[in-house]
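Undergrad: Please find one structure pasted underneath; my questions will follow.
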Amino acid sequence: MGDAEYMDRALFHAARGLGRTTPNPMVGAVVVTPDGVVAGTGYHERAGEAHAEVHALRAAGGAARGATLYCTLEPCCHHGRTPPCTDAIVAAGIARVVMAVEDPNPRVAGGGAAALRAAGVRVDAGPGRGEALKLNRAFFSVMRRQRPWVVAKIALSADGRVAAAPGARTPMTGPEANRRSQLLRAEVDAVGVGSGTVLADDPLLTVREVYRERPLVRAVFDRRLRTPPSAKLFGTLASGPVLIVTTAAAAAERPSQALALERAGGTIVRVDAPGLDASLRALVPFDVQSLLIEGGPVLHEAAWTAGLIDTVRAFVTPAALGPGGLPWLPFERLSLAALSDVRFEPCQSDVMIEGDVHRID
């Protein structure tokens with residue numbers, strides 16, 4: 004086996020941390036002896052706990068001396084909630100480190116590789132770079148763009164409608180598509196909807212039928228503070244916080260409404276700058292690196308127009324709602340040609356279509 008194959012193993016282990024590591028990235032590591040024996044593997048399981056490199060080195064024990072460490076991200080060189088991984092690597096006697104990609108965190112950003120080289124460790128980079136970037140695109144998005152990676156999820160009728168009429172709650176997809184939607188909720192840091200969706204559907208926005216380890220942030224984008232304090236969301240605070248993202252002006256103009264929402268258990272997030280981009284940036288301090296926008300069409304269109312949607316996941320059902328139905332985005336504004344890495348997957352009678360609008364390079 005060569006570097007690419009060993010890095011594939013490290014990437015496999017990194018993915019085991021999906022939905023569990025924010026605000027840290029998902030990282031996997033593999034220790035390989037000079038004669039090609041995998042002596043230890045590890046992955047970052049939770050923020051605040053040992054990093055992947057430390058787990059792999061502990062598993063390898065004395066076999067780490069003179070070995071090669073494959074790591075999906077540049078080892079850290081700073082003191083955070085855990086000591087620097089570079090210190091552990093040098094102390095273990097690792098002779099060579101192969102990393103997939105440099106850590107974009109300004110506290111690392113090449114410093115980990117430099118520290119290892121200064122200690123006499125050979126450092127190579129590159130194998131598995133594309134997969135490593137895709138795996139941690141939410142982390143890279145926050146580090147490079149200061150906003151979460153945004154996934155737009157939508158259920159569409161065969162004729163491109165999202166509801167039978169404006170304001171009408173219209174369930175469309177079947178059990179398998181619904182389960183896929185729950186799995187997606189289990190993987191992201193936050194679910195976002197517009198205030199119109201809260202008024203029309205009064206959703207819970209919780210994770211059901213599948214396991215989620217961390218609390219799920221629910222963000223309501225509400226520039227006019229229309230969210231009612233009686234919304235069912237506020238009865239689910241045990242599942243995670245509810246953020247009401249509004250303008251500073253709206254909160255100042257309607258102080259009694261803001262106070263009522265806070266008393267109901269919501270957190271008012273006041274955004275001074277205009278535009279949805281500023282609202283997304285305001286979520287980062289709440290450890291939101293990935294955001295699933297579920298509705299409605301107004302929020303989707305605003306995000307699409309502002310160039311803030313990174314991935315689209317559409318569940319298309321064979322039933323048509325007719326001309327009286329509420330359309331999603333005009334089809335001329337979103338075509339499969341605009342997406343990369345498009346995949347189709349049957350979900351019983353529905354079809355899931357997923358593709359990326361943006362990529363992290």
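Last residue of the sequence shown: number 364 in the numbering used here, and the count goes up by one each step with no gaps.
We put the CB at the ideal spot given by N, CA and C, even for glycine.
Classify G177 as helix, strand or coil using the three-state DSSP reduction.
TA: Note: G177 maps to coil in three-state DSSP.
Undergrad: Using a Cβ-Cβ cutoff of less than 6 Å, which residues in the same chain neighbour Y46 once the five nearest sequence positions on both sides are dropped?
TA: Excluding residues within five positions, the ones whose Cβ falls inside 6 Å are H16, A17, R19, G20, G31, A55.
Undergrad: Please identify the residue among L295, I296, I271, A252 whose C-alpha is closest to the C-alpha of A285.
TA: Closest option to A285, Cα to Cα, is I271.
Undergrad: Give me the DSSP bridge partner(s) of E348.
TA: Note: E348 sits in a beta bridge opposite M355.
Undergrad: If we ignore side chains and look at the alpha-carbon of each, how far apart do V213 and N181 end up?
TA: Taking the straight line from one Cα to the other gives about 11 Å.
Undergrad: According to DSSP, is D6 helix, strand or coil?
TA: Of the three classes helix, strand and coil, the one that applies to D6 here is helix, per DSSP.
Undergrad: Spell out a yes or no on whether the region 57-70 and the region 92-99 are touching, meaning 3 or more CB-CB pairs, one atom from each, closer than 8 Å.
TA: Yes, the region 57-70 touches the region 92-99.
Undergrad: Leaving aside the five residues before and after L186 along the sequence, list all residues of the same chain whose C-beta is less than 7 Å from its C-beta, in chain order.
TA: Only V213 meet the Cβ criterion.
Undergrad: Name the residue from A241, K156, G163, S184 whose alpha carbon lies nearest to the alpha carbon of E297.
TA: Nearest C-alpha to E297: K156.
Undergrad: Candidates E48, A135, L302: which alpha carbon is nearest R362's?
TA: Of E48, A135, L302, the residue nearest in Cα terms is A135.
Undergrad: Tell me the rounded alpha-carbon separation between G238 and E265.
TA: Cα to Cα, G238 sits roughly 13 Å from E265.
Undergrad: When DSSP labels each residue in this structure, what does T314 get in the three-state scheme?
TA: In the structure shown, T314 sits in a strand (DSSP, three-state: E or B).
Undergrad: According to DSSP, simplified to helix, strand and coil, what is I271?
TA: Strand at I271.
Undergrad: Using a threshold of 8 Å, state whether the C-beta atoms of L324 and R164 are closer than that.
TA: Yes, they are a contact pair.
Undergrad: For the beta strand (DSSP E) containing G31, name the first residue and the last one.
TA: Residues 31-35.
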